[in-house]
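Numbering (the UniProt record's numbering), first residue to last: 1 to 340.
Backbone N, C-alpha and C define an ideal beta-carbon position, used for all residues, glycine too.
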Ligand SMILES: NC(=O)c1ccc[n+]([C@@H]2O[C@H](COP(=O)([O-])OP(=O)(O)OC[C@H]3O[C@@H](n4cnc5c(N)ncnc54)[C@H](OP(=O)(O)O)[C@@H]3O)[C@@H](O)[C@H]2O)c1
């Protein structure tokens, strides 16, 4: 019998996606199968199409960020039932088994990174969260060497006395970091374009600064001193040497040093011994507790918003190539999403 599953395959570097049939995945122990209703696109996916980064096996099904309905539940799964509306972070191309890739109608998710979504949250809204949420959690909470080792986000935050700078605050990772910093009682100063100050402030930034200003280094240094608290460092959500690091490093030097969180493993800036570079990787078991206990109630209580807003570029697997192309050109405070 023909499979009811369909997928958008990437056959090789530089090829356009090819929509075709795929095996119907089965849920094994600790897994569920989700009927995907919306997929969000992360920059790593167009980079995978261009360079093969993260791909373990060809042909491949890209992406990690899904929302949909639980279709099948594996043995030992006690937090999901068939029909539940969920958001999930799947293993995507990092798992050589294509059951885990998001670019298909049905895919497998491990229950450790699945959360129910409230009825008033659309699939196209919820799917903006997974990778950015994970990366924000790891950045803030993972122990030194993997993250900043700061207090955890909570539904009942208390002030931590800590202050950080989020460079690229209007990015997906930036917006989630601002929200989780607020929920951890951490004061976050954001750096973005001026048009996105309102969004970032609504996500919890205590001050916003525009990186287009020639005085941005002095502006950030002055603002960190004015905001006060114990300054920890900068999470650079752009992490490109000639775009953001050329500012972040002088800011840290002026402030006497601190942590510099970098999101690209291959970026290894030269810094003085006052600055500690931490390469952040969003896939980390530290996130599991937040999938279990934080995402659903935080969405229900409005403490966590599905931001940046979804930019739905089309419906159906055929629209995934367009989605990659839109994100490759760059977005401002939007998450590119395809509805299925
Ligand atoms: N290591 C990991 O685990 C991990 C996880 C997720 C993402 N990443 C990487 O992290 C980066 C961010 O991902 P994302 O999905 O959050 O990106 P994104 O949402 O696509 O980023 C778009 C934002 O970048 C901002 N931006 C662009 N150039 C900037 C600059 N020079 N200074 C400040 N802001 C600038 C723009 O801000 P304005 O419009 O306000 O100018 C825009 O809102 C990507 O390179 C991605 O590959 C790594």
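Heavy atom of ligand 1 less than 8 Å from the Cβ of residue i, yes or no?
i	result
residue 32	no
residue 167	yes
residue 238	yes
residue 95	no
residue 331	yes
residue 327	yes
residue 281	yes
residue 287	no
residue 135	yes
residue 156	no
residue 204	no
residue 159	no
residue 264	yes
residue 146	no
residue 43	yes
residue 171	yes
residue 36	no
residue 56	no
residue 83	no
residue 131	yes
Beta-carbon of residue i versus every beta-carbon of chain B: anything under 9 Å?
i	result
residue 309	The question asks about chain B, but that chain is absent: this structure has only one protein chain.
Using the Cα positions of residue i and residue j, report the straight-line distance between them to the nearest angstrom.
i	j	result
residue 155	residue 195	29 Å
residue 94	residue 144	24 Å
residue 48	residue 14	9 Å
residue 252	residue 243	16 Å
residue 222	residue 32	50 Å
residue 102	residue 61	6 Å
residue 130	residue 172	10 Å
residue 192	residue 199	10 Å
residue 150	residue 175	17 Å
residue 286	residue 315	34 Å
residue 298	residue 70	21 Å
residue 234	residue 260	5 Å
residue 12	residue 46	13 Å
residue 332	residue 313	15 Å
residue 98	residue 301	35 Å
residue 218	residue 206	17 Å
residue 85	residue 168	31 Å
residue 116	residue 72	15 Å
residue 16	residue 37	22 Å
residue 126	residue 51	28 Å
residue 265	residue 280	8 Å
Report yes if the CB atom of residue i is closer than 9 Å to the CB atom of residue j, and no otherwise.
i	j	result
residue 137	residue 28	no
residue 128	residue 237	no
residue 67	residue 123	yes
residue 184	residue 230	no
residue 147	residue 139	yes
residue 278	residue 257	no
residue 295	residue 269	no
residue 338	residue 39	yes
residue 141	residue 178	no
Please state whether DSSP places residue i in a helix, a strand or coil.
i	result
residue 84	coil
residue 128	coil
residue 20	strand
residue 92	helix
residue 329	helix
residue 167	strand
residue 341	Examination of residue 341 is not possible in this model, given that the chain is present from 1 through 340 alone.
residue 189	strand
residue 37	strand
residue 240	coil
residue 60	strand
residue 158	coil
residue 254	helix
residue 342	Residue 342 falls outside the range modelled here, since the chain spans only 1 to 340, and no answer is possible.
residue 43	helix
Assuming residue i contacts residue j (C-beta within less than 8 Å), just tell me the rounded distance between them.
i	j	result
residue 224	residue 262	Not really, about 19 Å apart at Cβ, beyond 8 Å.
residue 24	residue 4	6 Å
residue 267	residue 241	7 Å
residue 228	residue 111	With a Cβ gap of about 42 Å, residue 228 and residue 111 do not count as contacting.
residue 335	residue 232	Wrong, their Cβ atoms sit about 27 Å apart, outside the cutoff.
Answer yes or no: the CB of residue i versus the heavy atoms of ligand 3, is any distance below 8 Å?
i	result
residue 269	You won't find ligand 3 in this model; what it holds is ligand 1.
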